[in-house]
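332 is the number that the numbering used here gives to position 270 of the sequence shown; each next residue is one higher, with no gaps.
Idealized CB from N, CA, C, for every residue including glycine.
It should be emphasised that the depicted structure is a prediction, and the values quoted were computed from it without experimental measurement.
Take a look at the structure set out below.
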Amino acid sequence: MLRALTGALRLPRPWRPLQTRSCASDGAAGDPEIQVRVLAGPDQGITEILMNRPSARNALGNVLVSELLEALARLREDQQVRVLLFRSGVKGVFCAGADLKEREQMSEAEVGIFVQRLRGLMNEIAAFPAPTIAAMDGFALGGGLELALACDLRVAASSAVMGLIETTRGLLPGAGGTQRLPRCLGVALAKELIFTGRRLSGAQAQALGLVNHTVPQNEEGNAAYHRARALAQEILPQAPIAVRLGKVAIDRGMDVDIASGMAIEGICYAQPRIGLLQTISSLEA
Numbered sequence: 063m064l065r066a067l068t069g070a071l072r073l074p075r076p077w078r079p080l081q082t083r084s085c086a087s088d089g090a091a092g093d094p095e096i097q098v099r100v101l102a103g104p105d106q107g108i109t110e111i112l113m114n115r116p117s118a119r120n121a122l123g124n125v126l127v128s129e130l131l132e133a134l135a136r137l138r139e140d141q142q143v144r145v146l147l148f149r150s151g152v153k154g155v156f157c158a159g160a161d162l163k164e165r166e167q168m169s170e171a172e173v174g175i176f177v178q179r180l181r182g183l184m185n186e187i188a189a190f191p192a193p194t195i196a197a198m199d200g201f202a203l204g205g206g207l208e209l210a211l212a213c214d215l216r217v218a219a220s221s222a223v224m225g226l227i228e229t230t231r232g233l234l235p236g237a238g239g240t241q242r243l244p245r246c247l248g249v250a251l252a253k254e255l256i257f258t259g260r261r262l263s264g265a266q267a268q269a270l271g272l273v274n275h276t277v278p279q280n281e282e283g284n285a286a287y288h289r290a291r292a293l294a295q296e297i298l299p300q301a302p303i304a305v306r307l308g309k310v311a312i313d314r315g316m317d318v319d320i321a322s323g324m325a326i327e328g329i330c331y332a333q334p335r336i337g338l339l340q341t342i343s344s345l346e347a
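Listed below in structure tokens is the structure:
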């Protein structure tokens with residue numbers, strides 16, 4: 063286990079910071095469906111991924127998934143990214159879930175491939191080395207909530223509506239919802255929400271512990287974004303390597319017994335003090 067862990071703990075190599083730009087997958091027609099924004103000034107270190115597919119309420123189709131995967135692949139190598147924030151450019155919506163209209167045009171084999179890619183996207187978000195925050199200013203249903211669950215932190219506006227509603231449509235949450243929701247809320251409550259397909263308001267979600275913060279919505283419809291940005295600003299002054307290793311220690315430790323978790327914490331604790339290479343050498347000796 064220690065060899066696998068040290069591989070996962072390798073910090074990304076320095077890389078040229080991304081400039082503010084749009085991101086489109088190869089062969090995608092029309093306007094890009096996400097934008098990557100690198101903030102400056104007092105927000106330097108915060109990078110935003112803006113989902114902007116208004117015609118489909120940010121539904122997760124092939125193009126949007128491809129663009130998100132492409133952006134994550136590049137951003138994970140950029141150590142200038144201290145916090146990654148997911149937000150929507152569509153008022154009243156965070157992400158409406160998987161694009162079921164697009165899915166209806168797929169063969170059974172194509173559906174299977176797409177669901178695997180969708181699950182892979184959520185795993186990439188969860189494994190992103192820097193802290194991730196979902197700013198939920200509107201509907202986050204099905205895959206939209208699964209995307210938020212893959213993030214480390216979640217902020218919701220009072221007007222937000224969220225839920226794993228797949229069972230109301232004859233489906234099962236297939237992009238991590240059955241695994242991440244019980245890890246977030248506990249098994250019994252997660253089962254209740256998935257079995258019933260219940261929708262929650264932002265306030266209800268905070269009461270259950272599904273989101274970290276809920277704020278009253280404003281006229282612009284971006285109150286959760288502003289609170290998420292303020293939360294990111296609290297993270298910025300902290301030591302970046304320590305923050306990243308803290309994330310690894312928590313995430314890895316949650317999947318093992320407490321004794322193994324303490325060993326993982328010890329490995330992470332040692333790295334900023336004695337250096338990554340020396341740690342790996344001592345473990346593999």
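Straight-line gap, Pro79 to Gln141 (C-alpha atoms, nearest Å): Caution is warranted here: a pLDDT of 36 is assigned to Pro79, below 50, making its placement in the model unreliable, and the coordinate value is therefore given only provisionally. Between Pro79 and Gln141, the C-alpha separation is close to 8 Å.
Cut-off 7 Å between Cβ atoms - residues of its own chain near Leu131, not counting five sequence neighbours on either side: Leu183 and Glu186
Minimum C-alpha distance to Ser220 - residue among Val155, Phe190 and Gly236: Val155
Same chain, Cβ closer than 7 Å to Cys213, neighbours up to 5 away in sequence not counted: Phe148, Ile187, Thr194, Ile195 and Ala196
Residue span of the alpha helix (DSSP H) that contains Glu129, given as start and end: Asn124 to Leu137
N-terminal and C-terminal residue of the beta strand (DSSP E) that Thr229 is part of: No beta strand (DSSP E) holds Thr229; DSSP gives it neither H nor E.
Other residues of its chain near Leu255: CB distance less than 8 Å, five sequence neighbours each side excluded: Gly225, Leu226, Leu243, Leu247 and Leu262
Range covered by the beta strand (DSSP E) that runs through Ala210: Element bounds for Ala210: not the beta strand (DSSP E) but the alpha helix (DSSP H), Gly205 to Ala212.
Helix, strand or coil at Gln241 [DSSP, three-state]: helix
Nonlocal neighbours in the same chain, by C-beta distance under 6 Å from Pro235, ignoring five residues either side: Leu226 and Glu228
For His275: DSSP bridge partner residues: Val217
Collapsed DSSP secondary structure at Val145 in the structure displayed: strand
Range of the contiguous beta strand (DSSP E) that encloses Phe156: Val155 to Cys157
Exposed unless 16 or more other CB atoms sit within 10 angstroms - verdict on Phe257: exposed
Gln266 - partner residues in DSSP beta bridges: Answer by DSSP bridge pairing: none, since Gln266 is not bridged.
Beta-carbon proximity list for Lys153, same chain, < 6 Å, skipping 5 on both sides: Gly283
Coil, strand or helix - Glu95 by DSSP: coil
Sufficient close CB pairs (3 or more, under 8 Å) joining the region 274 to 281 to the region 201 to 211: no
Cα-Cα separation, Arg306 to Arg314: 12 Å
DSSP-derived helix/strand/coil call for Val100: strand
Through-space distance from Val223 to Ala230, alpha-carbon basis: Contrary to the premise, residue 230 reads as Thr rather than Ala in this sequence. Each residue's alpha carbon lies about 16 Å from the other.
Presumed contact (8 Å Cβ cut-off) between Leu270 and Leu251, rounded CB distance: 7 Å
Of the listed residues Leu146, Thr109, Ala290 and Cys157, nearest to Leu126 (C-alpha basis): Cys157
Reduced DSSP secondary structure (H/G/I, E/B, other) of Leu183: helix
Cβ neighbour criterion (16 or more within 10 Å) applied to Met316: exposed
Alpha-carbon spacing of Ala90 relative to Asn124, whole angstroms: Bear in mind that the predicted position of Ala90 carries a pLDDT of just 42, short of 50, making it unreliable; the figure below should be weighed with that in mind. Approximately 9 Å between the Cα atoms of the pair.
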